[in-house]
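Engineer: Have a look at this one.
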Ligand code: PEP
Ligand code: MN
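In the working numbering, the protein residues as written are 17 to 348.
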């Protein structure tokens with residue numbers, strides 16, 4: 017159950033009620049909001065006078081549900097906003113990993129040239145083999161921060177585990193939690209204690225219910241700025257790397273109030289399919305796309321097969337703008 021206290025209820029009193037109800041207490045849109053387990057179905061009459069509204073929910077998809085908040089949340093990233101009625105589709109572009117200053121600077125220049133606000137690249141990479149490139153770590157974060165200063169871009173980069181979470185929070189504008197870290201409660205809970213936007217990727221073997229419940233850990237911690245990212249599921253199919261769950265995306269759009277971002281690059285795993293998938297994703301009217309692009313994909317130190325080259329990305333961006341415009345949205 018979600019209990020919205022009257023705006024006149026002060027923090028100390030809100031905390032007192034939260035303790036009695038064994039509820040989370042967050043400050044959201046100008047008042048205190050308490051969240052109990054969804055198994056609680058009635059509100060004790062003694063609290064009614066201090067309550068504006070309470071919402072009984074069928075399961076623990078609560079703060080992220082449209083049953084509680086109808087409108088898609090707005091998320092502010094630097095000087096841009098997505099969600100709400102903005103009609104914005106955020107295009108996040110950049111290489112899989114920061115590899116060198118020269119490489120990430122070429123990526124930053126490409127974003128600037130195409131008027132794209134948000135540059136992605138991993139510094140702490142969750143690789144499937146310990147013998148491959150693991151990312152530049154802190155040095156990579158510093159290079160990304162340098163690109164932000166020089167080109168005025170927003171930076172998104174991933175946190176792999178708790179050992180470097182403070183650095184990722186400090187250096188990024190959006191914190192990415194990767195598919196393999198989606199269940200890491202240390203990361204989820206720490207991300208609940210900041211208000212920096214978080215892009216939470218869906219694990220490749222995760223149900224939609226489990227996925228939104230992971231988002232709830234961040235929301236219940238007090239961070240309202242969470243975006244859901246579908247990046248492909250593991251299925252019986254081996255011709256493509258993963259299977260992009262567009263049905264799941266439709267479900268998230270229908271039942272969740274969190275902005276939805278789609279990542280066709282990691283889903284298919286091969287550059288040839290990324291433009292078609294990206295256009296299909298854009299036509300769904302989602303809030304954003306994440307596309308990997310590298311100055312020289314063949315030489316990329318991670319995810320080489322799926323990254324577009326700069327010319328392919330330029331061409332794709334042009335067609336995405338046309339698709340977005342056709343459904344009354346704009347690429348930002
Ligand atoms: C990435 O974005 O480079 C990445 C590792 O993604 P995922 O967590 O979806 O595999
Ligand atoms: Mn990648």
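We treat Cβ as the ideally placed atom computed from N, Cα and C, and that holds for glycine. The structure presented is a predicted model; accordingly, all values stated were derived computationally and were not measured.
For residue 20 and residue 47, I'd like the C-alpha separation in whole angstroms.
Structural biologist: Each residue's Cα considered, the two are about 7 Å apart.
Engineer: Answer with yes or no whether the minimum CB distance from residue 73 to chain C is below 8 Å.
Structural biologist: Looking at the structure shown, chain C is missing, and only one protein chain is on hand.
Engineer: Does the distance from the CB of residue 257 to the CB of residue 248 come in under 8 Å?
Structural biologist: In contact: residue 257 and residue 248 (Cβ atoms closer than 8 Å).
Engineer: Is the number of C-beta pairs between the stretch 279–288 and the stretch 124–135 that are closer than 8 Å three or more?
Structural biologist: Touching, no.
Engineer: According to DSSP, what are the bridge partners of residue 258?
Structural biologist: Answer is none; residue 258 lacks a bridge partner.
Engineer: Helix, strand or coil for residue 87 per DSSP?
Structural biologist: Looking at residue 87 - three-state DSSP - the assignment turns out to be coil, as it is neither helix nor strand.
Engineer: Counting only the same chain and skipping the five closest in sequence on each side, list residues whose C-beta sits under 8 Å from that of residue 158.
Structural biologist: Within the same chain, residue 158 has close Cβ partners 187.
Engineer: For residue 246, write down the residues that DSSP places opposite it in a beta bridge.
Structural biologist: Answer by DSSP bridge pairing, in chain order: 278.
Engineer: For residue 41, write down the residues that DSSP places opposite it in a beta bridge.
Structural biologist: Bridge partners of residue 41: 50.
Engineer: Quick one: is the Cβ of residue 308 within less than 7 Å of any heavy atom of ligand 2?
Structural biologist: Yes, Cβ of residue 308 sits closer than 7 Å to a heavy atom of ligand 2.
Engineer: Flag this pair as touching only if the stretch 104–117 and the stretch 310–326 have three or more C-beta atom pairs under 8 Å; answer yes or no.
Structural biologist: They touch, by the three-pair rule.
Engineer: Run the CB neighbour count on residue 10, radius 10 Å, all protein chains shown included, and call it buried at 16 or more, exposed below.
Structural biologist: With the chain covering 17 to 348 only, the question about residue 10 has no answer from this structure.
Engineer: Please report how far the alpha carbon of residue 121 lies from the alpha carbon of residue 135, in whole angstroms.
Structural biologist: Approximately 10 Å between the Cα atoms of the pair.
Engineer: Does at least one heavy atom of ligand 1 sit under 7 Å from the Cβ of residue 174?
Structural biologist: Checking every heavy atom of ligand 1 against the Cβ of residue 174, one is found closer than 7 Å.
Engineer: Find out if the Cβ-Cβ distance for the pair residue 90, residue 103 is shorter than 8 Å.
Structural biologist: No, the pair does not count as a contact, with Cβ atoms beyond the cut-off.
Engineer: Check each candidate in 162, 175, 182 and name the one with the smallest Cα separation from residue 195.
Structural biologist: It is 175.
Engineer: If residue 33 and residue 59 are in contact, beta carbons under 8 Å, what's the gap, nearest whole angstrom?
Structural biologist: The pair is not a contact, with the Cβ atoms about 10 Å apart (cut-off 8 Å).
Engineer: What are the start and end residues of each continuous beta strand (DSSP E) run of 3 or more residues lying completely inside the stretch 126–201, in chain order?
Structural biologist: Here the runs fully enclosed are 134–136, 170–175, 190–193.
Engineer: To the nearest angstrom, how far is the alpha carbon of residue 55 from that of residue 246?
Structural biologist: Cα to Cα, residue 55 sits roughly 28 Å from residue 246.
Engineer: Between residue 80 and residue 235, which are expected to be in contact by the criterion C-beta below 8 Å, what is the C-beta distance as a whole number of angstroms?
Structural biologist: Confirmed, Cβ separation roughly 6 Å.
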